[in-house]
Each structure stands twice: as C-alpha cells, then as structure tokens.
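One structure is given here, and the rest of the page talks about it.
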Amino acid sequence: MGCGDGLAATTAIARVIYAMGRDGFLPKVISKVHPKFGTPWIATILGAGLSTLVAILIPLDTLSSLVNFGALSAFIMMHLAVFYYFGYRKKELIVTLPSVAGIIVLGLVWFGLSDDAKMLGFSWLAFWIVYSAILTRGFKIIPKVPE
C-alpha cells in the first residue's frame, strides 16, 4: 500500500510541477512532455528527486506537521474563496454557511498544529507570495491559463 501511495503522490507532484512550468511559474523546460509516453518526464524526475531529498533530510514528525499545515491552510483558503464568491459577489449567503462551518472547524484543528509547523509553513508561504509577486510584477500580470 505504501508503494502505491508513494507512486500516486509522485505522479501528483509531477503534474503540479509540470503545470507550474507550463504556466510560467517555474522554468519552461520543466513542462516538457515525453514524445513517446506523453508524460511530464522532467517534472516527474524532479518531483521524485525532491521527495527523496525531503524524506531523507526532514524528520517524519516535522514533515507530517508541515503537510498538515499545507493541507489545512489550502482547505481554509478554499472555504474563504467560496465565502467571498457566493457571499460577497453573488449575495447568496445561505450557500456560505457550510464554508463558515468549515473555516471554524479547520481553524480549530489548525491552531492545534505545532509552532514549528506554523513557522516553517508561514516561511514557505511567504517565499511563494514574494516569488509570485516578482513574477507577476506586483500581481499586475495575470498568468495565462490554458483552456
């Protein structure tokens, strides 16, 4: 089971890295697709290499805390986006109730994370915000997204 999970995670990471290369957030060479198999082979090798390095260098408890920080933060941001879109833009407040509940529950779980996980997670988040701001010239350029 662990090998299957590892392969699925490597494939998912490769697809994210590929998309970031394709959309200009990482070097374009990362978005190359294998001519015979149609897979993002450079992104797959890069993702597998990074995953291996992270697994070797970061203790498992720190790594799991960081993954929890990322997952919980992503879900909280998703609920905030739903709340903004339906509550503020569409004025359909009843639709936002599950999102409010999600923000509260996930927020309570999030506050239970270790301080190290929060510090490392916020550092990683700050890095990507600054990197994105530089790439988009202060968020003025919207990256092209393929149809």
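Residue numbers (the working numbering): 12 to 158. Quick reminder that beta carbons are idealized off the backbone N, C-alpha and C, glycines included. Nothing here was measured: the structure is a model prediction, and the numbers come from that model.
Just to confirm before moving on: does the CB-CB distance between residue i and residue j stay below 7 angstroms?
i      : j      : result
Ile87  : Ile114 : yes
Thr21  : Gly58  : yes
Ala25  : Pro46  : no
Ser110 : His90  : yes
Leu117 : Leu71  : no
Lys43  : Ile28  : no
Can you tell me whether residue i is helix, strand or coil according to DSSP?
i      : result
Phe97  : helix
Leu117 : helix
Lys129 : helix
Thr147 : coil
Ile140 : helix
Gly17  : helix
Ile105 : helix
Out of curiosity, what's the CA-to-CA distance linking residue i and residue j?
i      : j      : result
Phe97  : Phe36  : 29 angstroms
Ile41  : Val120 : 35 angstroms
Ala144 : Phe150 : 5 angstroms
Leu18  : Leu74  : 18 angstroms
Phe80  : Lys102 : 31 angstroms
Arg100 : Val106 : 12 angstroms
Met130 : Gly60  : 25 angstroms
What alpha helix (DSSP H) runs, 4 residues minimum, are completely inside the stretch 22-95? 52-68, 71-93
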